[in-house]
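Numbering (the UniProt record's numbering), first residue to last: 1 to 466.
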């Protein structure tokens, strides 16, 4: 089997060292798919069996025999290489890199790299595809990102970004009259390729790149307009903003630290209330192509939707609280308070669900720092937290420990008794409210959970005598 180094007989320097990585991936039979012999085409004629003159052997070129080929033949050969092979070849020498870069800017290459998707913005959500299809798409655009990274590695950051944006501008679906922007897969592919381009860059370069990306795609203008209007007043623009941030900036990153840095970069220039709005737009629930704002203040959700709705909203709060060094506990509390106040105060059960999915550390911090000695508010929150913990964990161990911690803050016994009675009274009130409403299977299940929670609380505090 002949390797690609047969195509480079007179490269200056140690050719074996230059091509040792390239040899593993690229073979001559991968480049030329026809037998060595006569090959005729309407465009050009080529005869590889033609006697090669002595001068041909004495060529000294860093691109080997490519130097004597026309552009059509060069592109014909490069067209048959995989993107991984092109990337490895681009690392061999600067002239090869320049040749491949010229090839990538040709119509031939763009048709090959973007042809499988035709830029028609398929309405099929890639996360509904089979794993095999999904992985094929992801690997393809990862290779695209790494290829552009390698062919532009000698350029300054601004030029590398310009090359990337120009090459993949067709994937920005909302700028190309996409029929189904919510389910369109093209933005996610754009994010995958962009992530690969930025891999290994310095933090300051990454921040510059994201700023450049937002300006080029008019995201800054879009964000300013959304924040200046009432909740839900710009439904279409809110959805565009959510899709872009989710698919390009957030979803391609699986590492918690990297994702927390991206989230912090998005919300850093804004006030606490604006940060809460941005986080809710990006991670909040969506229905019928609009962000659900008022449902949080008006109704509860079925159990099968609770994890999807409140689990997603809790993601940025947990990531920033646990991973980002510039994010303080006070920032967590302030943003959490703003989220549960938009567009007005949330239902207590929805607040309890969000706290539950944020985790025990944030629950403890919220109860001890925000609620404090407010008996009315603490009774309501603890009653709904008890319902949520019984529903999901079938245990009140954490809640009882937290209530005990709050009771110990009370100075007198009568205050301690009132604190416990306040919680149990709120549980009774919840049970009565459920009984007065239309009874279905979900409500009966909640009533049983509340009764069990009330019984556990009373038994515990009677045994321990407060």
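Even for Gly, the Cβ is constructed at its ideal location relative to N, Cα and C.
For clarity, every value in this text was computed on a predicted model and none was experimentally measured.
As assigned by DSSP and simplified to three states, the class of residue i
i	result
residue 106	coil
residue 199	coil
residue 70	coil
residue 403	helix
residue 263	helix
residue 411	coil
residue 290	strand
residue 186	helix
residue 445	helix
residue 451	helix
residue 207	helix
residue 246	helix
residue 456	helix
residue 300	coil
residue 231	coil
residue 330	helix
residue 213	helix
residue 166	helix
residue 430	helix
residue 324	coil
residue 268	coil
residue 315	helix
residue 374	coil
residue 340	coil
Residue j beta carbon less than 8 angstroms from that of residue i
i	j	result
residue 327	residue 333	no
residue 188	residue 275	no
residue 317	residue 280	no
residue 109	residue 151	no
residue 323	residue 260	yes
residue 147	residue 209	no
residue 289	residue 239	yes
residue 145	residue 193	yes
residue 99	residue 134	no
residue 262	residue 197	no
residue 265	residue 216	no
residue 229	residue 282	no
residue 350	residue 300	yes
residue 468	residue 353	Because the chain spans 1 through 466 in this model, residue 468 falls outside it and cannot be assessed.
residue 407	residue 382	no
residue 343	residue 294	yes
Own chain residues within Cβ distance below 8 angstroms of residue i, not counting five before or after
i	result
residue 307	357
residue 422	375, 376, 378 and 379
residue 467	With the chain represented from 1 up to 466, any question about residue 467 goes unanswered, as that position is not in the structure.
residue 154	94 and 97
residue 220	214
residue 253	195, 259 and 262
residue 143	82, 83, 84 and 87
Sequence-distant residues of its chain with Cβ nearer than 7 angstroms to residue i (five each side left out)
i	result
residue 311	357
residue 346	296, 297 and 340
residue 369	333
residue 101	151
residue 410	416 and 419
residue 267	275, 278 and 279
residue 543	Lying outside 1 to 466, the shown extent of the chain, residue 543 is not represented and no answer is given.
Of the residues the options, the one placed nearest residue i, counting alpha carbons only
i	options	result
residue 191	315, 271, 249 and 317	249
residue 337	325, 324, 363 and 219	363
residue 184	247, 222 and 165	247
residue 223	212, 237, 168 and 211	237
residue 305	325, 284, 415 and 83	284
residue 401	221, 456 and 140	456
residue 138	82, 213 and 186	186
residue 467	407, 314 and 343	Given that the chain is displayed from residue 1 to residue 466, the structure contains no residue 467 and the question cannot be resolved.
residue 203	157, 434, 407 and 169	157
residue 80	70, 69, 113 and 92	113
residue 396	201, 428, 107 and 454	454
residue 403	371, 446 and 429	371
residue 474	107, 302 and 171	As shown, the chain starts at 1 and ends at 466. That puts residue 474 outside it, with no answer to give.
residue 256	414, 325, 426 and 447	325
residue 106	140, 199, 359 and 71	71
residue 428	447, 92 and 212	447
residue 211	414, 269, 413 and 445	269
Same chain, Cβ closer than 6 angstroms to residue i, five either side skipped, listed in chain order
i	result
residue 449	387, 390 and 391
residue 348	380 and 384
residue 78	103
residue 52	Because residue 52 sits at a pLDDT of 40, beneath the cut-off of 50, its placement in the model cannot be relied upon, and the following sentence gives the value as read from the coordinates. Here the set comprises nothing.
Residue-level contact to chain C via CB, residue i, 8 angstroms cutoff
i	result
residue 395	Structure shown: chain C not included; a single protein chain is present.
Inset, instruction - Within the region 129-164, note down every full beta strand (DSSP E) run reaching 3 residues or more, in order along the chain. - result: none
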